[in-house]
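The working numbering runs 15 ahead of the 1-based position in the sequence shown.
Each remark here refers to the structure printed beneath this line.
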Amino acid sequence: MNGSKHSNYQENFKQAILVMDLQPRLLANINCSTSLVEANSILLRSAQLLDVPAIITEQVPDKLGATMPEIFNHLEDPNIIQKDSFSAFGSSEFCDFISRSKINRLILTGIETSICVFLTACDAMRSGIDVTILSDCVDCRIEKDGVRCLNQLQHSGAEIIPLETFLFRHLNSSKHASFREVSGLIKSRISSP
16 MNGSKHSNYQ
26 ENFKQAILVM
36 DLQPRLLANI
46 NCSTSLVEAN
56 SILLRSAQLL
66 DVPAIITEQV
76 PDKLGATMPE
86 IFNHLEDPNI
96 IQKDSFSAFG
106 SSEFCDFISR
116 SKINRLILTG
126 IETSICVFLT
136 ACDAMRSGID
146 VTILSDCVDC
156 RIEKDGVRCL
166 NQLQHSGAEI
176 IPLETFLFRH
186 LNSSKHASFR
196 EVSGLIKSRI
206 SSP
C-alpha cells in the first residue's frame, strides 16, 4: 500500500476505541489477565497521543466492580459507560455517542471475546460500522470459544489485527509527531500474549 492510499484509508474513517468490561470479577477468570490489562492500557495511552476517542464499558459494575484503574488512570477524563446488555449497542448512552460522533469504524477490545465483544461487533456490522478487533487486546474464559468467535467475525467482515499493527498503521511513518512516545509504550510491554 503506498503512502497516498494509506492516508486515504485513515481519512475515510471516523473511528473510536471501545474497551469492554475489564473489571476485577471478570478478569479473575481470564488466564492472561495481566498482559490483557497491560495491552489495553498501552492502547488507551497511545489513543490519547493520537487523538482517537475511546469509550470504556462496565458490565453491571455494582456486581462486577469498576474497571481496573490501570486501564484509565492516565486518562484526564475517561468516558465510562455502564451497561447491563451484553452488546454495547444495548446502551442508549453508547448508541448516542456513536451517532453524535458519526463513528463508522469501531476498534474493539476487552472481554469476553465470545460474548460482549462478539455481540457488539455483530451489532456494529449490522449497523454499517466497520469493525477492527485487536487480537491481543481481547480474551475470554474458554480460549477455543474466543478463537471460534474471532474466526466467525473475520469471516463476516471484521478486521482482526494485533495492537502493534493497529498503532503503527495509525502512525503511518516514523515521522509522525507521536512516533517516539507510542513506540516507547509498545517497547515497554512486559509480554506478548
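Just so it is clear, CB atoms sit at the ideal spot from N, CA and C, and this is done for glycine as well.
Beta-bridge pairing of residue i - partner residues as DSSP gives them
i: K98; result: Q74
i: D145; result: R120
i: R66; result: For clarity, residue 66 is Asp in the given sequence; the question names Arg instead. DSSP lists no partner for D66.
i: V153; result: G125
For residue j and residue i, the rounded distance between their alpha carbons
i: N17; j: S100; result: Unreliable positioning characterises N17 in this predicted model, as indicated by a pLDDT of 39, which lies under 50. A coordinate reading is not provided.
i: E196; j: F183; result: 12 Å
i: S188; j: I122; result: 21 Å
i: D92; j: K117; result: 20 Å
i: F194; j: Q30; result: 19 Å
i: F112; j: N166; result: 28 Å
i: F133; j: A192; result: 34 Å
i: S129; j: N119; result: 23 Å
i: V174; j: M140; result: Here residue 174 is Glu; the residue named in the question, Val, does not match the sequence. Going from the Cα of E174 to the Cα of M140 covers about 11 Å.
i: A43; j: Q74; result: 14 Å
i: N55; j: C152; result: 6 Å
i: D138; j: N94; result: 21 Å
i: L65; j: S142; result: 26 Å
i: F109; j: T135; result: 11 Å
i: I144; j: F28; result: 10 Å
i: T82; j: I96; result: 11 Å
i: S198; j: F181; result: 12 Å
i: K98; j: S107; result: 9 Å
Given residue i as reference, the closest of the options once Cα atoms are compared
i: G161; options: R120, Q38, I45, S198; result: I45
i: A62; options: H89, Q169, A43; result: H89
i: G172; options: I148, H185, L79, L182; result: I148
i: A294; options: M83, E53, I126; result: In the structure as shown, the chain begins at 16 and stops at 208. Residue 294 is therefore absent and cannot be evaluated.
i: I32; options: K98, P68, K159; result: P68
i: F87; options: Q38, R120, K159, S150; result: Q38
i: I71; options: E85, V34, C137; result: V34
i: L59; options: V75, L42, D145, P84; result: P84
i: S203; options: F109, Q169, E179; result: E179
i: G80; options: N94, G199, R141, R40; result: R40
i: D36; options: V52, F28, C47; result: V52
i: S50; options: K190, D154, S107, Q169; result: D154
i: V146; options: K190, S106, H185, I176; result: I176
i: C164; options: I201, C131, C47, S48; result: C131
Continuous beta strand (DSSP E) stretch holding residue i: start and end
i: Q30; result: 30-35
i: E174; result: 174-176
Continuous alpha helix (DSSP H) stretch holding residue i: start and end
i: I12; result: Lying before the first or after the last residue shown, residue 12 is absent from the chain, which here runs from 16 to 208.
i: K159; result: 158-170
i: F87; result: 84-87
i: P39; result: 39-42
Proximity test, Cβ basis, 8 Å: residue i and chain C
i: I144; result: Considering every chain present, this structure includes no chain C. It has just one protein chain.
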